[in-house]
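Respectively, the protein sequence lines represent chains A and B. According to the working numbering, the first sequence is numbered sequentially starting from 1. According to the working numbering, the second sequence is numbered sequentially starting from 1001. The structure appears below as structure tokens.
There are 2 protein chains.
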Amino acid sequence: MAGKPTRERILEEALDRFGASGIDATSLDDIARGVGVAKQTLLYWFASKEELVVAVLQRVADELVVEVGAAVRSAPHGFARVEAAVTAVFRPAVRRPALLGLVRELNRLSPELADAVVLRMQPLVDLAVAYLEGEMDRGHLRRADARLLMAFAYSTVVGVATEPVALRAVGWEPGVASLRKLRTELLAFLRAALAA
Amino acid sequence: MAGKPTRERILEEALDRFGASGIDATSLDDIARGVGVAKQTLLYWFASKEELVVAVLQRVADELVVEVGAAVRSAPHGFARVEAAVTAVFRPAVRRPALLGLVRELNRLSPELADAVVLRMQPLVDLAVAYLEGEMDRGHLRRADARLLMAFAYSTVVGVATEPVALRAVGWEPGVASLRKLRTELLAFLRAALAA
DNA sequence: AGGTTTCTCTACCATTTGGTAGAGGTTCTC
DNA sequence: GAGAACCTCTACCAAATGGTAGAGAAACCT
């Protein structure tokens, strides 16, 4: 059907389905039908459902780590760096909303993989924290718990991206537009809270 | 075993299990074993799994609505009111971490119930928004999108309460202590951002 | 050409799970 | 004490799901 190799198409389809309906609620048959192959073709490429799940999560984690890492490393100092990091976290969420929902299932489904993700994230966080604290020392930013700041920003994105009930309660429809608006507002907030 | 009626114990157990492992991954047998009765006893009290799920979610929604509603209505004006609302949202999360995780599954499992929850939440949000905007008009708070503020605070709680990977990446262990620390910091943040 | 590897398929199986049928016991009512 | 309502149980079923066995193409060596 498509030019992409089967394995690739399976991974794409699985990511979409897992993200939309949850991993448990998605059967191998669902994915296979979506790709347009037999279930056993899928089991040829991935020996078991767990293996498929891990492969999908691995890819999700890779995207996040690479994207946020590049942004944090390349952006200028000061608040611009905070801005770049926040934007980087939002980007995958906007491009593929299914993605963030999956990270949440990591712990339950593969604690080992979750550990691996944590280990890869930590240096990035450390880098960001070091810069934030440097800026605070220099008086460019108000003093605050930089580590907490990171958790704070990230969890906000996750919450809004995956919590349609809360969004609708405040009068918004879930979607990309809401995510963008939130990013703007979050940044304004951070700016106000961190202004020295 | 316990003094509580069977139906009540089933609801409690189901809430815990659903929250811990997800609804799909929790079988009726699991819950029944946890309570110490046969699966069919459970099906006597709730005609189907869906009915049990709805009952549990209904109760979760009730707790949230009642608790937040009481806090918003009773707290003094100004920033104290914001503080009361945020604390009220945190309280259920601290007391029963499983609770917030369930709200997220609402949309997928029972869109009708999700609609109902949204409808009940809206007046509360309106109330909070009206007060926030009043305070802004009077110059007690900095001007900002009050509606967004609500979504923002709530999604932060949800994100941190249900996203252990992010927490661990910033060097914390998931748990009640982290939630408390986050509440303090979130409030400090809001205070700084909203100070007129 | 002939064999080997790669890839996809049809058929089938074992287990789990939500759910049904219906029996039996307990408590409350009269 | 008789009957009814209430509550819990054992035994069983139908459907779905993850997974196995193995056959048939098709491309790729040599």
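Note that CB positions come from ideal geometry on N, CA and C, so glycine has one too.
Inter-residue CB distance, residue i and residue j (contact presumed, cutoff 8 Å)
{"i": "SER1110 of chain B", "j": "LEU1057 of chain B", "result": "7 Å"}
{"i": "VAL60 of chain A", "j": "LEU102 of chain A", "result": "5 Å"}
{"i": "TYR131 of chain A", "j": "ARG183 of chain A", "result": "At roughly 20 Å, the Cβ-Cβ gap does not stay under 8 Å, so TYR131 of chain A and ARG183 of chain A are not in contact."}
{"i": "ALA1128 of chain B", "j": "ALA1085 of chain B", "result": "6 Å"}
{"i": "VAL1118 of chain B", "j": "ALA169 of chain A", "result": "5 Å"}
{"i": "GLU135 of chain A", "j": "GLY78 of chain A", "result": "6 Å"}
{"i": "SER155 of chain A", "j": "GLY1159 of chain B", "result": "3 Å"}
Residue of the options minimising C-alpha distance to residue i
{"i": "MET1150 of chain B", "options": "B:VAL1165, B:VAL1066 and B:VAL1072", "result": "B:VAL1072"}
{"i": "PHE1189 of chain B", "options": "A:LEU148, A:HIS140 and A:GLU173", "result": "A:LEU148"}
{"i": "PRO97 of chain A", "options": "A:ARG168, A:ALA195 and A:THR162", "result": "A:THR162"}
{"i": "ALA1192 of chain B", "options": "B:LEU1141, B:VAL1086, B:LEU1052 and B:GLU1012", "result": "B:LEU1141"}
{"i": "ARG1120 of chain B", "options": "B:PHE1079, B:GLY1069, B:ALA1075 and B:PHE1090", "result": "B:GLY1069"}
{"i": "ALA146 of chain A", "options": "A:SER155, A:VAL157 and A:ASP126", "result": "A:ASP126"}
{"i": "LEU1194 of chain B", "options": "B:GLU1083, B:LYS1049 and B:ARG1143", "result": "B:ARG1143"}
{"i": "ASN107 of chain A", "options": "A:GLU63, A:VAL54 and A:GLY34", "result": "A:VAL54"}
{"i": "LEU124 of chain A", "options": "A:ALA88, A:VAL65 and A:TRP172", "result": "A:VAL65"}
Classification of residue i by the beta-carbon crowding that lies within 10 angstroms, buried from 16 upward
{"i": "GLU105 of chain A", "result": "buried"}
{"i": "THR1026 of chain B", "result": "buried"}
{"i": "ALA38 of chain A", "result": "exposed"}
{"i": "TYR44 of chain A", "result": "exposed"}
{"i": "MET1 of chain A", "result": "Residue placement at MET1 of chain A cannot be trusted, given a pLDDT of 42 that sits under 50; what the coordinates show is reported in the next sentence. Answer is exposed; the Cβ neighbour count stays below 16."}
{"i": "SER74 of chain A", "result": "exposed"}
{"i": "ASP1137 of chain B", "result": "exposed"}
{"i": "GLY139 of chain A", "result": "exposed"}
{"i": "PRO1005 of chain B", "result": "exposed"}
{"i": "SER1178 of chain B", "result": "buried"}
{"i": "ARG33 of chain A", "result": "exposed"}
{"i": "GLY1019 of chain B", "result": "buried"}
{"i": "ALA1047 of chain B", "result": "exposed"}
Residues that residue i contacts on chain B, provided the C-beta gap is smaller than 8 Å
{"i": "SER48 of chain A", "result": "Result: empty, since nearest Cβ-Cβ is about 16 Å, beyond 8 Å."}
{"i": "VAL125 of chain A", "result": "ALA1169, VAL1170 and GLY1171"}
Interface residues of chain B facing residue i [CB-CB closer than 7 Å]
{"i": "VAL165 of chain A", "result": "VAL1103, LEU1106, ASN1107, ALA1114, VAL1117 and VAL1118"}
{"i": "THR156 of chain A", "result": "PHE1152, SER1155, THR1156 and GLY1159"}
{"i": "ALA25 of chain A", "result": "ASP1024"}
Contacts that residue i makes with chain A (C-beta to C-beta distance below 8 Å)
{"i": "LYS1039 of chain B", "result": "Within 8 Å Cβ-Cβ: nothing; LYS1039 of chain B doesn't reach chain A, min ~19 Å."}
Proximal residues of chain B, C-beta to C-beta of residue i below 9 Å
{"i": "GLN58 of chain A", "result": "Within 9 Å Cβ-Cβ: nothing; GLN58 of chain A doesn't reach chain B, min ~13 Å."}
Contacts that residue i makes with chain A (C-beta to C-beta distance below 7 Å)
{"i": "ASP1145 of chain B", "result": "GLU185"}
{"i": "ARG1168 of chain B", "result": "VAL118"}
{"i": "GLY1171 of chain B", "result": "ARG147"}
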